Amino acid sequence: MDNILNILCPCHLIINRAGVIEHVAPTMQKILQGETARLQHVLDLFSIKPRSGHLRGCSMFELDGQKFHLSLRRFLDLRWNGVVLRLQDRDKAIIPISFGMALKETAECFELTHADFGPSELAVDMLCLLEAQSAVRAASRAVTQRIEGAKKNAEIAALTDPLTGLGNRRSLIESLASFARQNISFGIIQLDLDHFKTVNDQLGHPVGDRVLVELSNILRQEIRAHDVAVRLGGDEFILLITGTNDPTELLGLAERLLARLKPPLTIQTHKVQLGLSMGGRIVEAAERWSMIDILQAVDQALYHSKRRGKGRFTFCS
69 MDNILNILCP
79 CHLIINRAGV
89 IEHVAPTMQK
99 ILQGETARLQ
109 HVLDLFSIKP
119 RSGHLRGCSM
129 FELDGQKFHL
139 SLRRFLDLRW
149 NGVVLRLQDR
159 DKAIIPISFG
169 MALKETAECF
179 ELTHADFGPS
189 ELAVDMLCLL
199 EAQSAVRAAS
209 RAVTQRIEGA
219 KKNAEIAALT
229 DPLTGLGNRR
239 SLIESLASFA
249 RQNISFGIIQ
259 LDLDHFKTVN
269 DQLGHPVGDR
279 VLVELSNILR
289 QEIRAHDVAV
299 RLGGDEFILL
309 ITGTNDPTEL
319 LGLAERLLAR
329 LKPPLTIQTH
339 KVQLGLSMGG
349 RIVEAAERWS
359 MIDILQAVDQ
369 ALYHSKRRGK
379 GRFTFCS
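Dropping the structure here:
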């Protein structure tokens with residue numbers, strides 16, 4: 069009889085009238101992990117909670133035919149289902165145990181396999197369904213993450229100059245629009261390289277591209293993390309210095325940039341002598357300004373530097 073029960077219902081206990089465990093089915097033996105359950109009182113190993121009423125004293129037989137919740141006392145977070153069924157003509161009862169909503173957690177916690185369930189139990193099908201759902205959810209998350217990653221990369225690419233990694237013209241427009249919404253003061257410097265056309269003509273465009281990359285690195289090093297560096301195109305760049313209304317801050321930055329380009333740059337095997345012409349201004353938070361007017365003003369200041377002999381900074385009000 070016990071062998072048949074073990075096959076049909078491998079997760080059960082048999083208790084006597086006193087509540088002492090007399091038989092432990094194979095799956096429950098695996099769950100108990102070597103604990104000596106036989107001859108122990110069922111309430112020593114399990115917390116029993118009837119679905120209605122209360123368990124009086126230690127008598128399990130009063131729950132005959134009733135369903136209840138139970139948990140191992142060392143795994144109280146795993147809540148299972150059980151029922152007491154008194155055996156005919158015997159002073160004993162069988163307690164079949166099902167894992168209910170804790171099926172997945174129980175199977176993972178105790179490494180249960182298909183062999184630990186009865187041949188007709190739906191638990192095996194439920195485990196397969198849960199595994200399939202988990203795989204589908206994982207695949208869905210992976211697809212969503214790839215889509216979000218691709219979208220984010222596309223958004224970054226749309227605002228980035230591919231050669232230098234600085235912002236592009238669209239990035240400049242968005243930054244200026246953000247400053248206008250926040251109503252903050254900022255400084256702006258437009259600059260371009262002196263003698264860059266000569267470098268391209270004499271040394272070739274690959275060397276010219278390396279010059280632009282080197283200049284971009286210098287710009288990143290000389291501005292703060294929350295400032296903005298933009299390549300407009302060719303050898304023209306713009307710097308946005310956020311949260312300042314101090315002209316000396318722009319002048320100090322311009323002087324540092326001129327000093328950085330005073331020694332020749334080493335590009336591949338070539339010594340390249342360059343300079344910078346710059347124009348800049350401060351935009352006050354209270355000032356009424358348009359993007360076009362600001363860009364025209366610093367562009368005119370830049371070309372005033374060119375006309376004055378290059379390699380200098382011109383501030384405009």
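Residue numbers for the sequence shown follow my numbering, so the first one is 69 and each next one is one higher.
Think of the CB as a built atom: it goes at the ideal place given N, C-alpha and C, for glycine as much as any other residue.
For clarity, every value in this text was computed on a predicted model and none was experimentally measured.
For residue i, count neighbouring Cβ atoms within 10 angstroms of its own Cβ and tell me buried if that reaches 16, exposed if not.
i	result
T18	There is no way to answer for residue 18, as the model of the chain reaches only from 69 to 385.
L144	exposed
R74	Reading off the sequence, residue 74 comes out as Asn, not Arg. N74 should be labelled buried.
H80	buried
L155	exposed
V211	exposed
V296	buried
V267	buried
A161	buried
A86	exposed
I306	buried
V110	buried
D361	exposed
D314	exposed
D132	exposed
G235	buried
On a Cα-Cα basis, can you pick out the residue from the options that is closest to residue i?
i	options	result
V279	R324, L231, L321, L319	L231
S246	L308, S284, K265, A206	L308
C384	V151, Q364, G348	G348
E282	T266, R299, D269	R299
N251	L81, R380, Q101, E355	E355
A175	L153, Q336, I162, R147	R147
L76	K117, P164, F129, D159	P164
I241	F185, M359, L333	M359
M169	L138, R158, K160	L138
V92	A86, P78, R238	P78
N71	G186, K98, D295	G186
E130	I224, K117, C177, L140	K117
A248	A353, K378, Q134	A353
A226	I215, S239, R214	S239
A183	R375, K98, E290	K98
T312	G235, G302, R292	R292
L333	V275, V351, E290	V275
L113	G133, L140, F264, K378	L140
P331	G379, T212, D367, L321	G379
E290	E304, A369, E317	E317
V351	F264, I256, H294, S373	I256
V366	G377, E304, H273, D314	E304
G302	L271, E173, R237, D361	R237
S166	K135, R142, R158	K135
L100	C177, K172, D159, K374	C177
G233	D277, V204, A206	D277
W357	D269, S120, L244, R214	L244
Roughly how far, in whole angstroms, is the beta-carbon of residue i from the beta-carbon of residue j, given that I think they are within contact range, below 8 Å?
i	j	result
I89	R106	6 Å
L319	F381	7 Å
V151	M128	Not really, about 11 Å apart at Cβ, beyond 8 Å.
F264	L342	7 Å
Quick one: does residue i have its CB under 8 Å from some CB of chain C?
i	result
A203	The structure shown has no chain C; it contains just one protein chain.
Contiguous beta strand (DSSP E) assignments of at least 3 residues, all confined to the segment 226-297: List check, beta strand (DSSP E) in window: 254-262.
Say whether the segment 285-292 touches the segment 322-340, bearing in mind that this needs 3 or more beta-carbon pairs closer than 8 Å, one atom from each stretch. Yes, they touch.
Counting Cβ pairs closer than 8 Å, one from the segment 342-358 and one from the segment 253-269, do we hit at least three? Segments in contact, yes.
How about the segment 209-220 and the segment 336-343: do they share at least three Cβ pairs that are nearer than 8 Å? No, they do not touch.
Could you tell me which uninterrupted beta strand (DSSP E) segments, each at least 3 residues in length, are contained entirely in the segment 126-169, listed from first to last along the chain? Fully enclosed beta strand (DSSP E) runs of no fewer than 3 residues occupy 135-140, 143-151, 160-166 of the segment 126-169, in order along the chain.
Segments assigned alpha helix (DSSP H), at least 4 residues, entirely inside the segment 329-368: Inside the segment 329-368, DSSP marks no whole alpha helix (DSSP H) run of 4 or more residues.
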